[in-house]
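One structure below.
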Amino acid sequence: MGDSITDNYRKDNLPCQDFLPIWKKYYAPYNAFNAGFNGNTTDDVLARIGGKGILDHVSPKVVQIMIGTNDTGRGNTEEETFNGICRVVNKVHSKLPHASILLVGILPSDIYNWHVAAAAYPDKKFKRDMAVNDRLARLYAKNPFVTFLDIRDVFLDGNGKVREELFCDPSVVVINGKKAGPLHPNTEGQRLMAEAIQPTLARLMKKHSKQESRSIFPFSLPE
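Residues in the sequence shown are numbered from -14 upward in steps of one, following my numbering.
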């Protein structure tokens, strides 16, 4: 579940967005369903889950979530974005209490020249996103059914700067005559992301092959 970064796994556009083969290798063997949707914020995901939504009548072993970059992109604060992600996790758990939740952190970005509010301060968005990740890591460190995975290091160089060569936007997205800054991983970035997630996903799937996970959720935020 997530936004365009998840939704993009449907694409098979050579060479920059050849994502479908990656999906087939890393997710299709688990009989996975792609519930990502372009442009989604945490509120959008909550609406799609809804009272009767996309998680009804399904019983997955694992739900993988990556959401939040559009929240901060539109100008939401760190607190608003953090709370929004937690509400998504809470709602998923309430719908699927026996599923493990794999929560992947917000990816690093540098959204200069985009047509959203945070494009005026891409450095602030970057810091806000990483602060949200840090808070999520602390919150879910000992949670029995939520596993938080921060893969920021895949997309950062040794100086902590975004590796622009792992994103497709600077080469394919033009906004108001200017190239857009890195936000969506390209084929190589998407592959590296799937590789980084795979060991944790495999471990959670193996866990469910042995026994049902218990539903213990002491962390709760108001809806």
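For glycine and all other residues, C-beta sits at the position ideal for the given N, C-alpha and C. As the structure is a computational prediction, the values presented were derived from the model and not from experiment.
Unbroken alpha helix (DSSP H) run spanning residue i, endpoints
| i | result |
| --- | --- |
| T54 | T54 to G58 |
| I(-10) | S(-11) to D(-8) |
| L5 | L5 to Y11 |
| T27 | T27 to I34 |
Alpha-carbon spacing of residue i relative to residue j, whole angstroms
| i | j | result |
| --- | --- | --- |
| L87 | M190 | 11 Å |
| E150 | T(-9) | 19 Å |
| D119 | L5 | 31 Å |
| A32 | T26 | 10 Å |
| Y97 | D135 | 23 Å |
| V131 | G69 | 16 Å |
| R(-5) | A165 | 22 Å |
| A103 | S94 | 11 Å |
| N144 | I91 | 19 Å |
| D128 | V101 | The sequence shown places Asn at residue 128, not Asp. Roughly 34 Å separates the two Cα atoms. |
| V43 | G162 | 44 Å |
| Q183 | Y11 | 7 Å |
| P167 | P45 | 32 Å |
| C1 | G35 | 34 Å |
| G21 | G(-13) | 4 Å |
| K76 | S156 | 37 Å |
| D114 | L186 | 23 Å |
| K37 | I52 | 21 Å |
| Y15 | S194 | 12 Å |
| N19 | D138 | 25 Å |
| R72 | V30 | 10 Å |
| S198 | V159 | Any reading at S198 must be qualified, since the residue scores a pLDDT of 40, below 50, and its modelled position is unreliable; no value is offered. |
Host beta strand (DSSP E) of residue i (start-end)
| i | result |
| --- | --- |
| I86 | S85 to V89 |
| T62 | Looking at the DSSP string, T62 is not in any beta strand (DSSP E), and its letter there is neither H nor E. |
| V47 | V47 to I50 |
| L121 | No beta strand (DSSP E) holds L121; the alpha helix (DSSP H) holding it covers P107 to L124. |
| L134 | V131 to L134 |
Beta bridge counterpart(s) of residue i as assigned by DSSP
| i | result |
| --- | --- |
| V101 | Answer is none; V101 lacks a bridge partner. |
| L141 | V147 |
| D(-3) | D3 |
| G21 | G(-13) |
Worksheet item: If we count Cβ pairs, one from each stretch, closer than 8 Å, do we get three or more for the region 54 to 72 versus the region 101 to 113?
Response: With the rule of 3 Cβ pairs closer than 8 Å, the region 54 to 72 counts as touching the region 101 to 113.
Practice prompt. Could I get the ranges of all uninterrupted alpha helix (DSSP H) runs contained in the region 148 to 189, with 4 residues as the minimum, in chain order?
Written response: Within the region 148 to 189, the runs of alpha helix (DSSP H) at least 4 residues long that lie entirely inside it are, in chain order, 154 to 157.
Discussion item. Check whether the region 142 to 159 and the region 63 to 83 touch, using three or more Cβ-Cβ pairs below 8 Å as the test.
Written reply: They do not touch, by the three-pair rule.
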